[in-house]
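These protein sequence lines are chains L and D, in that order. Take the first sequence: its position 211, counting from 1, is numbered 211 in our numbering, and each next residue is one higher. Take the second sequence: its position 50, counting from 1, is numbered 50 in our numbering, and each next residue is one higher. Here's the structure we're looking at; comments come further down.
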Amino acid sequence: MTITSGLSRRVFLQGSLAALTLAVTAKGLVTAAWADDAAQKYGADSMPGGTVDDPLVFVSIAEDGTVTIVAHRAEMGTGVRTSLPMVVADEMEARWEQVKVVQAEADETRYGNQNVDGSRSVRHFLMPMRRVGAAARQMLEAAAAARWSVPVSEVKAVQHEVVHERTGRRFGYGELAVDAAKQPVPMVDALKLKAREDFRYIGKDRVRMVDLEAIGKGQAIYGMDKRLPGMVYAVVARPPVVGGKVRRFDASKALAVPGVIKVVEIPAMSGAPGFQPLGGIAVVARNTWAARQGRSALQIEWDDGANVSYDSSTYRQTLQAAARKAGKVVRNQGDVAKAWSKAPEAERLVAEYHVPHLAHASMEPPVATVQIKGDKVEAWTSIQNPIAARDAVAARLQLKPENVKVNVLLLGGGFGRKSKPDFVDEAAIVARAMPEATPVKLVWTREDDIQHDYLHTVSVERLEAAIDSRGQVSSWLHRSAAPTIASLFTEGAMGEQLFESAMSAINMPYLIPNVRVETAEVPAHARIGWFRSVANIPHAFAAQCFIAELAHRAGKDHRQFALDLIGPACQIDPGAMGDTWNYTESPERYPYDTGRLRGVINAACEGAGWGRTLPEGHGLGLAFCYSFLSYTAAVVEVAVDDQGAVRVLSVDMAIDCGPQINPERIRAQLEGGAIMGLSLAMSSEITFTNGRVVQSNFHDYEVLRHNASPRTIRTHLVNDDHNLPPGGVGEPPVPPVAPALCNAIFAATGKRVRSLPVRTVV
Amino acid sequence: MTQLQINGQTKDVEGSDDIPLLWALRDELGMTGTKFGCGMAMCGACTVHMDGSAIRSCVTPISAVVGRAISTIEGMETDRVGQVVQQVWIENNVAQCGYCQAGQIMTAVSLLKTTPKPSEEQIDQAMSGNICRCGTYPRIRAAIQQAAGQLAQGAQL
Chain L
1 MTITSGLSRR VFLQGSLAAL TLAVTAKGLV TAAWADDAAQ KYGADSMPGG
51 TVDDPLVFVS IAEDGTVTIV AHRAEMGTGV RTSLPMVVAD EMEARWEQVK
101 VVQAEADETR YGNQNVDGSR SVRHFLMPMR RVGAAARQML EAAAAARWSV
151 PVSEVKAVQH EVVHERTGRR FGYGELAVDA AKQPVPMVDA LKLKAREDFR
201 YIGKDRVRMV DLEAIGKGQA IYGMDKRLPG MVYAVVARPP VVGGKVRRFD
251 ASKALAVPGV IKVVEIPAMS GAPGFQPLGG IAVVARNTWA ARQGRSALQI
301 EWDDGANVSY DSSTYRQTLQ AAARKAGKVV RNQGDVAKAW SKAPEAERLV
351 AEYHVPHLAH ASMEPPVATV QIKGDKVEAW TSIQNPIAAR DAVAARLQLK
401 PENVKVNVLL LGGGFGRKSK PDFVDEAAIV ARAMPEATPV KLVWTREDDI
451 QHDYLHTVSV ERLEAAIDSR GQVSSWLHRS AAPTIASLFT EGAMGEQLFE
501 SAMSAINMPY LIPNVRVETA EVPAHARIGW FRSVANIPHA FAAQCFIAEL
551 AHRAGKDHRQ FALDLIGPAC QIDPGAMGDT WNYTESPERY PYDTGRLRGV
601 INAACEGAGW GRTLPEGHGL GLAFCYSFLS YTAAVVEVAV DDQGAVRVLS
651 VDMAIDCGPQ INPERIRAQL EGGAIMGLSL AMSSEITFTN GRVVQSNFHD
701 YEVLRHNASP RTIRTHLVND DHNLPPGGVG EPPVPPVAPA LCNAIFAATG
751 KRVRSLPVRT VV
Chain D
1 MTQLQINGQT KDVEGSDDIP LLWALRDELG MTGTKFGCGM AMCGACTVHM
51 DGSAIRSCVT PISAVVGRAI STIEGMETDR VGQVVQQVWI ENNVAQCGYC
101 QAGQIMTAVS LLKTTPKPSE EQIDQAMSGN ICRCGTYPRI RAAIQQAAGQ
151 LAQGAQL
């Protein structure tokens with residue numbers, strides 16, 4: 001028997017007005033809309049679906065005592081499918097060995113927001129999941145007390161049993177399941193959350209990932225692994241240039257390939273790319289291989305459209321030119337021009353930094369399976385944003401969203417790519433063209449993934465600073481030239497938006513009297529998306545390398561120079577730095593805390609033995625970052641040989657993310673973030689020629705491999721303060737890594753690397 | 001129709017014999033533990049064993065494996081080295097998304113069978129064809145070293 005009765009939700013927090021915010025975000029008008037919104041909602045309340053903390057939605061108990069907990073957020077490798085149910089289990093005193101985790105389908109009305117993006121899962125759902133668990137525990141206690149006719153104050157839930165302490169009587173959770181379900185759900189102010197010292201799983205590293213064993217046995221089911229009777233497979237030939245379309249095509253040779261069943265035209269996108277499929281020709285076959293062979297046999301003449309002239313080397317000059325002239329001012333404090341003009345030539349420093357386009361390249365390429373039965377559709381996919389998939393399919397097939405069921409399978413990596421549902425839409429288009437009820441699995445090949453990604457932007461960052469005679473920085477100008485993610489939703493949108501500038505460009509807390517931050521208006525010629533840690537990558541790369549350059553110019557130790565620049569511990573209103581976005585969180589709950597920033601810098605430096613004597617050709621480099629409400633620092637040790645080959649010997653990664661819910665997975669994210677940060681710093685680059693992506697697979701879009709991976713990554717978890725609201729963990733490890741590497745290279749060689757990727761130091 | 005020996009069982013694959021083993025396993029035989037990552041032997045996600053040696057199934061047509069003993073991740077539970085490697089993968093909490101890990105395990109098992117006590121350089125050499133985008137390399141290295149230690153101990157008993 002499971003708990004299935006209904007519940008008056010009024011006692012629990014709901015985020016009902018949030019749909020408006022999604023619409024606003026999707027149009028890229030974050031700045032204006034949020035700044036003007038008098039009744040501003042923050043954090044989870046600003047998200048579609050908000051939060052739900054109804055125990056009857058998330059928890060059911062079977063008579064054998066099995067506690068089933070719903071994971072409503074998709075698993076892409078951070079461990080959230082384990083961590084959030086673990087929080088519920090801890091609060092409800094469930095024994096983890098008797099917990100079963102089931103994955104929710106897409107339904108934000110029922111479960112709250114499901115968009116696994118922006119390092120939000122624990123940030124937004126820690127407290128709702130604690131309330132779910134506490135409510136379930138109190139309902140079990142109330143059921144037992146009623147059964148024994150004793151006051152509820154005399155009973156206590158302990159590890160899957162409710163105990164009557166005076167008499168030693170006890171009921172297992174299974175015995176109480178039916179009665180507990182009939183208990184009223186406690187009012188939110190009647191909930192008794194556990195004291196920190198009573199946690200069994202939160203912060204304890206006692207729970208392994210729920211899928212760990214299945215993964216090792218090859219039994220875990222990813223989107224790529226869905227199978228249905230009668231399933232057919234599709235691959236798509238997409239326009240090589242964004243905005244291009246099929247002029248004419250001949251499918252006769254493709255249809256002659258053994259196993260090929262059908263060819264389906266996918267309409268070209270129009271206007272801003274958004275989440276639209278790019279268009280092209282799909283080949284449907286009895287297996288993926290035949291579909292690929294069929295695609296190779298297609299003869300297609302493309303109309304490339306306006307982006308055919310996109311060329312990375314000329315575009316870099318465009319960015320550079322834009323970065324060298326005045327842009328739109330997004331933060332202005334003091335008088336940078338005056339301070340600059342007063343500074344003697346020798347005390348001025350100018351540097352330009354470049355970060356190329358990057359592809360996400362999750363090991364599982366995008367993939368979706370769709371089956372249409374009359375006016376009902378079912379999809380199985382590995383997606384970060386299942387509701388976006390549901391809505392895209394519903395719109396495509398002109399059905400009500402509730403007629404579309406999206407099943408969320410494990411993601412073989414996501415990194416931001418799989419928050420866009422274009423591939424599910426493609427599968428729906430192909431399924432519609434097939435006989436009724438034919439399941440279609442639409443597979444992206446690696447070439448498709450590299451060449452048609454929603455790429456990380458490309459940027460030139462120009463920094464100018466003056467140092468006064470006491471070695472103090474008197475002025476700071478940071479000008480970013482990079483196509484904006486807003487161009488995805490608004491055709492022709494140019495210049496970084498607030499949510500991009502507020503990722504490590506405007507929100508710098510340094511004690512510098514004159515500060516100006518500007519963005520340059522440059523057009524996008526590719527689909528620009530969000531990549532793990534987003535605009536923090538180029539902004540932190542530039543600013544963190546530049547601080548090291550300034551320290552060197554001032555003749556000071558980088559760590560000490562940085563700490564002096566940050567100044568004593570204090571809490572800063574992000575709005576005072578022009579950051580009225582603050583990752584959507586309240587400035588009161590989430591001020592910029594320079595003490596926490598100092599803490600991670602010191603932890604990383606101490607872990608790495610900052611200041612120790614190093615062998616010839618070795619160097620230590622430091623960088624730090626505030627992103628997604630968490631504070632991170634990295635110290636990298638490199639050895640550079642006389643050929644300029646760089647070897648990373650060790651990385652020290654420190655994070656202060658507030659309360660540490662699943663420390664073992666936080667360490668995993670720090671390790672993985674270090675590797676991904678080194679990957680983008682040392683290997684990866686997407687370039688365009690004639691509007692086409694030059695790279696196509698892992699031979700030319702290189703990512704870090706075992707042999708280049710540092711043998712040592714030390715992780716330092718700082719603070720673990722449960723009085724603080726949680727910060728993000730998935731994205732924050734990435735931004736400090738590349739600048740720490742380049743600062744280490746300078747320390748080793750005296751050579752500055754200002755353009756990524758660093759292949760060899762010349 | 002092509003007859004293959006997979007994990008000690010005979011399996012029939014319909015259609016032409018130029019299909020890569022990866023797609024025969026996944027799409028025709030429903031054995032989805034072996035993963036598609038790149039399709040050109042660049043990432044190792046599709047690694048299986050042929051007569052005990054690691055091969056990339058995405059570029060190996062089934063015609064080339066007829067009469068050979070193929071083992072996949074699904075067969076590792078009954079493999080002495082495979083069992084140890086699967087266990088140390090759990091003990092070290094290696095996986096993040098986990099998608100590449102079947103391939104990593106298959107390569108590691110093959111390495112440990114030919115090189116029971118691999119040096120750091122031998123681990124690099126054997127494992128560098130297997131990409132993990134989540135960045136689990138340090139834990140994979142630690143897990144391989146632990147497995148090597150356990151297997152050596154087991155051999156002495």
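From the three backbone atoms N, C-alpha and C, an ideal C-beta is built for every residue, glycine too. Source: prediction; values computed, not measured.
Check, Outcome
"Taking Cβ-Cβ distances shorter than 8 Å, what residues in chain D pair up with L/Ala-220?", "Gly-98"
"Could you tell me if L/His-354 is buried or exposed, where buried requires 16 or more neighbouring beta carbons within 10 angstroms of its beta carbon?", "buried"
"Just mark D/Met-1 as buried or exposed, buried being the case when its beta carbon has 16 or more other beta carbons within 10 Å.", "exposed"
"Who are the near neighbours of L/Leu-255 in its chain, counting only those whose CB is closer than 7 Å to its CB and skipping five residues on each side?", "Val-263"
"D/Thr-32 CB to nearest chain L CB: under 8 Å?", "yes"
"Using a Cβ-Cβ cut-off of 8 Å, state whether L/Thr-288 counts as contacting chain D.", "yes"
"Provide the residue(s) that pair with L/Arg-169 in DSSP beta bridges, ordered along the chain.", "L/His-164"
"In this structure, does DSSP put L/Cys-570 in helix, strand or coil?", "coil"
"Label L/Gly-617 either buried or exposed according to how many other C-beta atoms from any shown protein chain fall within 10 Å of its C-beta, with 16 as the threshold for buried.", "exposed"
"For L/Asp-444, tell me which candidate among L/Thr-288, L/Gln-472, L/Ser-504, L/Leu-84 has the shortest Cα-Cα distance.", "One detail in the question is off: residue 444 of chain L reads as Trp in this sequence, not Asp. Among L/Thr-288, L/Gln-472, L/Ser-504, L/Leu-84, the Cα nearest to that of L/Trp-444 belongs to L/Thr-288."
"I'd like the list of long-range same chain contacts for L/Leu-670, defined as Cβ closer than 7 Å, with 5 residues on each side in sequence excluded.", "Met-653, Ile-655, Thr-715, Pro-733"
"By the 10 Å Cβ neighbour count, where 16 or more other Cβ atoms means buried, how is L/Leu-193 classified, buried or exposed?", "exposed"
"Should L/Tyr-454 and L/Phe-688 be called a contact, given that it needs their Cβ atoms to be closer than 8 Å?", "no"
"Could you name the residues of chain L that D/Lys-35 contacts, counting a contact when the two beta carbons are closer than 9 Å?", "Gly-218, Tyr-222, Met-224, Asp-225, Met-363, Glu-364, Gly-412"
"With a threshold of 8 Å between beta-carbons, can D/Gly-8 be considered close to chain L, or not?", "no"
"Report yes or no: do the region 75-87 of chain L and the region 92-104 of chain D share at least 3 C-beta pairs separated by less than 8 Å?", "yes"
"At what residues does the alpha helix (DSSP H) containing L/Trp-148 begin and finish?", "121-148"
"Can you check the region 583-635 of chain L for any alpha helix (DSSP H) of at least 4 residues that lies completely inside it and give the ranges in chain order?", "594-608"
"Please list the terminal residues of the continuous alpha helix (DSSP H) segment that includes L/Lys-217.", "212-217"
"So, is L/Gly-28 buried or exposed, given that buried needs 16 or more other C-beta atoms within 10 angstroms?", "With a pLDDT of only 31 at L/Gly-28, under the threshold of 50, the placement of this residue in the model should not be trusted, and no figure is reported."
"Please state the DSSP three-state secondary structure of L/Asn-514.", "strand"
"Whose CA, out of L/Lys-556, L/Glu-518, L/Gly-658, L/Ala-135, lies closest to the CA of L/Tyr-763?", "Since the first and last residues shown for chain L are 1 and 762, residue 763 of chain L lies out of range."
"With distances taken Cα to Cα, identify the nearest neighbour of D/Ile-70 among D/Gly-15, D/Ile-6, D/Gln-104.", "D/Ile-6"
"Is it buried or exposed, L/Cys-570, if we count other Cβ atoms within 10 angstroms and call 16 or more buried?", "exposed"
"In chain D, which residues lie with their C-beta within 7 Å of the C-beta of L/Glu-664?", "Asn-93"
"Return no unless some Cβ of chain D is closer than 8 Å to the Cβ of L/Tyr-626.", "no"
"For L/Ser-252, does the count of other Cβ atoms within 10 angstroms reach 16, so buried, or fall short, so exposed?", "exposed"
"For a test of the three-state rule: what should DSSP assign to L/Ala-639, helix, strand or coil?", "strand"
"Thinking just about the alpha-carbon of each residue, which of D/Asn-93, D/Gly-52, D/Thr-60, D/Gly-67 is nearest to the one in D/Met-76?", "D/Gly-52"
"Would you check if the region 134-145 of chain L and the region 178-197 of chain L touch, i.e. whether three or more CB-CB distances between them fall below 8 Å?", "yes"
"Which residue wins for smallest C-alpha separation from L/Arg-667, given the options L/Ala-645, L/Lys-204, L/Leu-724?", "L/Lys-204"
"Tell me whether L/Asp-189 sits in a helix, a strand or coil according to DSSP, three-state version.", "helix"
"Would you identify the three-state DSSP class for L/Lys-245, choosing helix, strand or coil?", "strand"
"Tell me whether the beta-carbon of L/Gln-695 lies closer than 8 Å to the beta-carbon of L/Ile-528.", "no"
"Using 8 Å as the limit for Cβ to Cβ distance, is D/Gln-145 near chain L?", "no"
"Could you spell out the range, first to last residue, of the beta strand (DSSP E) harbouring L/Ala-465?", "459-467"
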